[in-house]
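Chains as they are written, first to last, in our numbering: chain U, 7 to 244; chain G, 7 to 181.
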């Protein structure tokens, strides 16, 4: 019963791995328990359009990159799920399911709604936490690859001491290049500003904290400016 | 409970039994018995164990690699020792996580002991007393664990020691 790229079950259904809770382009995410602990299983499925040898190599590489990034971040004090077991045969990662949490995405949306302010203190403090987290991560040469507010969690109850938990390292890599770090920040900027209207100031707080806390920030932020100039409908004159 | 048995979700027919012994006088003999194949158990250095979960994670991986013919050591018991280690050096893992000759306590791991015979046989060979598994934490040496697993205090600001250890065990093959 090998997963072959085509979804064999729909979200909400339970199979031998667990209950399917998300289906992405590259992997399925299941919910189950591991020794009684609530667990997420991330299963990368085969891509039949690829040559099988290449597919196996790529999938293996992606899996190892993901867990390496998680461990590397952990070591520098960043909150990540604990990896319990990696099954390299079926490309499954068994990791801690962070229960009773809210995504930063939902939190920002609800705070904006509740306070009706543009710069509520809670969001400024959150921005500082995110800025510090990104500075630490980049100073350790980890590129997340998919920074969005949906990939950041806050354990409930959310208060000033709650750390931000970073998840979904599926597109991570290790790199010291300022370009890669700049792009990483740009991805977050675009995701942040498009998801949360009127948060330019909040995002600016993230960058200000990043600049303060990161040792190589000026080069990275310079690259961020350059990256912003690229893309559709943008003049490369600068 | 004098000993505790666990079933692994991923290997429903496999049973893992843990038993704690103290006042042990014959660790050297027991080690020799293991080498000679007379003891079917893994004898762990208790000071390196935080909680049974740590051992279960190791056993889970051991069953997995055995099933796929990918064990790195000779048998599944030695594989459990190897999986506990943060490095891929086999002899180092035996030295660090297995009992030493002078140890006075040990944690025994017996696999697939459906009728308790293996544990019974082992208990007869150990010159020591079986004590309650709840006392495991009394033997845990956190400072030594931090040193062996190379865990800095930065990591522990947002994580438990157990999680730091488990994550290293689980991601060992990735690099």
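We treat Cβ as the ideally placed atom computed from N, Cα and C, and that holds for glycine.
- Setting aside the 5 residues that flank it on each side, residue 136 of chain G is surrounded in the same chain by 8, 9, 25, 26, 27 and 129, each with a C-beta closer than 8 Å to its C-beta; the list follows chain order.
- For residue 233 of chain U, the enclosing alpha helix (DSSP H) begins and ends at 223-235.
- Taking 8 Å as the cut-off between beta carbons, the residues of the region 47-72 of chain G near chain U are 59, 62, 63, 66, 67 and 70, in sequence order.
- In this model, residue 211 of chain U and residue 146 of chain U are separated by some 21 Å (Cα to Cα).
- The alpha helix (DSSP H) runs lying completely inside the region 118-204 of chain U and spanning 4 residues or more are 127-145 and 184-201, given in chain order.
- Non-local C-beta neighbours of residue 135 of chain U in its own chain, meaning closer than 6 Å and more than five positions away in sequence, comprise 170, ordered along the chain.
- Legend: CB atoms of the region 102-129 of chain G lying less than 9 Å from CB atoms of chain U are not found in any residue.
- A direct Cα-Cα distance of roughly 41 Å separates residue 65 of chain U from residue 106 of chain G.
- Per DSSP, residue 207 of chain U is one residue of the alpha helix (DSSP H) stretching across 206-219.
- The DSSP-derived three-state label of residue 16 of chain G is coil.
- Residue 58 of chain U and residue 164 of chain G have their C-alpha atoms spaced approximately 40 Å apart.
- For chain U, the residues of the region 8-26 of chain G that bring a beta carbon within less than 9 Å of one of its beta carbons are 12, 14, 15 and 16, in chain order.
- Here the alpha carbons of residue 127 of chain G and residue 82 of chain G stand approximately 18 Å from one another.
- Per DSSP, reduced to three states, the secondary structure at residue 44 of chain G is coil, with no helix or strand assignment.
- Take the alpha-carbon of residue 11 of chain G and the one of residue 42 of chain U: they are about 14 Å apart.
- Residue 207 of chain U and residue 19 of chain G have their alpha carbons spaced roughly 57 Å apart.
- Taking a contact to require three or more Cβ pairs closer than 8 Å, the region 182-193 of chain U and the region 95-110 of chain U do not qualify as touching.
- Residue 71 of chain G sits in a helix when the DSSP states are folded into three classes.
- For residue 221 of chain U, the closest Cβ of chain G is not nearer than 7 Å.
- Interface with chain U (7 Å Cβ-Cβ cutoff): residue 169 of chain G is included.
- From the listed residues G:69, G:149 and G:114, the smallest Cα separation to residue 23 of chain G is found for G:114.
- Less than 7 Å divides the Cβ of residue 87 of chain G from the Cβ of residue 104 of chain G.
- Of all residues in the region 58-73 of chain U, only 69, 70, 71, 72 and 73 place a beta-carbon less than 9 Å from a beta-carbon of chain G.
- Residue-level contact check: residue 135 of chain U does not touch chain G, since none of the beta carbons of chain G fall below 7 Å from its beta carbon.
- Contact check for residue 177 of chain U against residue 230 of chain U fails: the beta carbons are separated by 7 Å or more.
- The Cβ atoms of residue 87 of chain U and residue 105 of chain U do not sit closer than 7 Å to each other.
- Here the alpha carbon of residue 177 of chain G sits roughly 42 Å from the alpha carbon of residue 124 of chain U.
- For the pair residue 188 of chain U and residue 226 of chain U, the CB atoms are nearer than the 7 Å cut-off.
- Going by DSSP, residue 48 of chain U is part of the beta strand (DSSP E) stretching over 43-50.
- When the five nearest sequence neighbours on each side are left out, the beta carbons in the same chain lying within less than 6 Å of the beta carbon of residue 116 of chain G are those of 23, 47, 124 and 125, in order along the chain.
- Leaving aside the five residues that flank residue 204 of chain U on each side, the residues in its chain whose CB is nearer than 7 Å to its CB run, in chain order, 124.
- Non-local C-beta neighbours of residue 21 of chain G in its own chain, meaning closer than 8 Å and more than five positions away in sequence, comprise 11, 12, 13, 117, 118, 119 and 120, ordered along the chain.
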